[in-house]
Amino acid sequence: MDQQLQVFVTVVEKKNFSHAAEELHMTQPAVSQYVKLFEQRYGVKLLERSNKFVRLNKAGEIVYHHAKEILALYSKMKYLVDDLISNADGTLKIGASYTYGEYELPPIIGKMHELYPLIKPNIFIGNTTEVVELVKSHQLDVGLVEGEVIDSSLQIEPIAEDRMCIVMPKDHHLIQGRKELAFSELANETWIVRERGSGTRKVADKLFDSFEYKPDKILEFGSIQLIKSAVESGLGISVLSESAIKKELSVGSLGSIYLKDFIIKRNFSIVLNSPFQTKALEVFLSLLR
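In structure tokens form, the structure reads like this:
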């Protein structure tokens with residue numbers, strides 16, 4: 001691994017030469033020398049320095065962005081080579097969008113731990129866009145996302161279909177004794193949706209577009225749990241995955257209903273960025289499938 005690259009990234013992330021030296025088990029002058037040589041190598045200053053801080057300039061931002069990807073590739077390359085002569089073990093970096101990560105992934109991780117206790121899952125939960133970007137930059141071994149992903153540089157494999165429903169307070173007048181309703185009956189409701197970049201938000205936007213509808217009242221929240229709490233409190237209605245509301249439906253804290261002649265669904269998909277797979281990743285993918 002390029003030592004100058006590693007030292008530079010550590011200084012940036014620790015925002016301090018002394019803290020970086022402690023992390024790297026080096027002396028502070030040695031760290032400073034590495035960074036100086038690294039800047040000379042590219043013929044440009046990469047860091048703004050003062051007694052209180054170290055921060056990136058514009059050139060430094062470019063180098064740091066690519067340095068992270070290069071170091072991730074170094075680690076992946078070494079791990080793949082080591083893996084050829086080892087069993088299914090080591091760290092597996094998994095990214096998952098909120099719905100899949102919070103409601104579908106835990107039992108799979110539990111099964112993997114039971115069968116392959118030497119595999120150490122490192123899990124990142126974010127929205128679909130965040131997970132895809134981290135897979136693209138090789139900072140995650142695999143992504144599990146909801147909704148449509150179009151990127152020719154990635155391997156995308158649908159693994160399950162996810163049905164969605166309209167979620168309301170349990171005592172909402174529109175669901176009393178009913179299983180279906182027309183979308184027009186929802187015209188005056190306040191809609192609670194996820195942030196842009198979320199797979200769940202894309203479903204909501206697609207639903208609105210299908211009926212040429214633009215909500216007059218809309219609230220945007222960054223987590224499914226917060227949306228469920230807001231709906232339960234009577235702030236509005238939402239469109240969520242069936243898997244995300246199983247518990248609430250079983251205890252009766254939320255109500256759900258479907259649309260007449262309109263099925264809201266999407267896929268859960270695996271996202272990969274390499275034809276090479278460690279034994280740990282192969283095991284995990286086999287459990288998913």
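In terms of UniProt numbering, the sequence shown opens at residue 1 and continues consecutively. Every residue gets a Cβ at the ideal spot worked out from N, C-alpha and C, and that includes glycine. A quick note: this is a predicted structure, and the numbers were derived from the prediction, not measured.
query: Collapsed DSSP secondary structure at Asp209 in the structure displayed; result: helix
query: Exposure label - Val131; buried when at least 16 CB within 10 Å; result: buried
query: Nearest residue (CA-CA) to Thr190, options Gln155, Val239, Gln225; result: Val239
query: Thr200 vs Thr129 beta-carbon contact at 8 Å; result: no
query: Contained alpha helix (DSSP H) runs [length at least 4] in the region 101-174, N- to C-terminal order; result: 105-115, 128-136
query: Ile125 beta carbon less than 8 Å from that of Ile257; result: no
query: Rounded C-alpha distance that separates Lys246 from Asp162; result: 13 Å
query: For Pro268, three-class secondary structure by DSSP; result: What sits at residue 268 in the sequence shown is Phe, not Pro. In the structure shown, Phe268 sits in a strand (DSSP, three-state: E or B).
query: Arg55, DSSP secondary structure in three states; result: strand
query: Ile218 in three-state terms, based on DSSP; result: strand
query: Rounded straight-line distance, which links the Cα of Glu242 to that of Ile263; result: 12 Å
query: Test item: CB-CB of Val231 and Met164 under 8 Å; result: no
query: Residue nearest to Pro117 in terms of C-alpha spacing, selected from Ala88, Ser286, Leu226; result: Ala88
query: Rounded distance between the beta-carbons of Leu56 and Val12, thought under 8 Å; result: 6 Å
query: Short Cβ contact (8 Å threshold) for Ile92 with Ile270; result: In the sequence as presented, Ile is not what sits at residue 92; that position holds Leu. In this structure, Ile270 does not lie closer than 8 Å to Leu92 by Cβ.
query: Whether Leu259 touches Ile166 by CB criterion (8 Å); result: yes
query: Residue 295, DSSP secondary structure in three states; result: Coverage of the chain is limited to positions 1 through 289, which leaves residue 295 absent and any answer about it impossible.
query: Which of helix, strand or coil DSSP assigns to Val44; result: coil
query: According to DSSP, residues forming a beta bridge with Gly255; result: Met168
query: Cβ-Cβ distance between Gln139 and Ala96 below 8 Å; result: no
query: Close-in-space but distant-in-sequence residues of the same chain around Gly234 (CB under 6 Å, 5 per side omitted); result: Pro169
query: For Phe53, the nearest candidate out of Leu285, Gly236, Lys15 (CA to CA); result: Lys15
query: For Ile192, the first and last residue of its enclosing beta strand (DSSP E); result: 191-194
query: Helix, strand or coil at Phe262 [DSSP, three-state]; result: strand
query: Rounded straight-line distance, which links the Cα of Leu254 to that of Pro158; result: 29 Å
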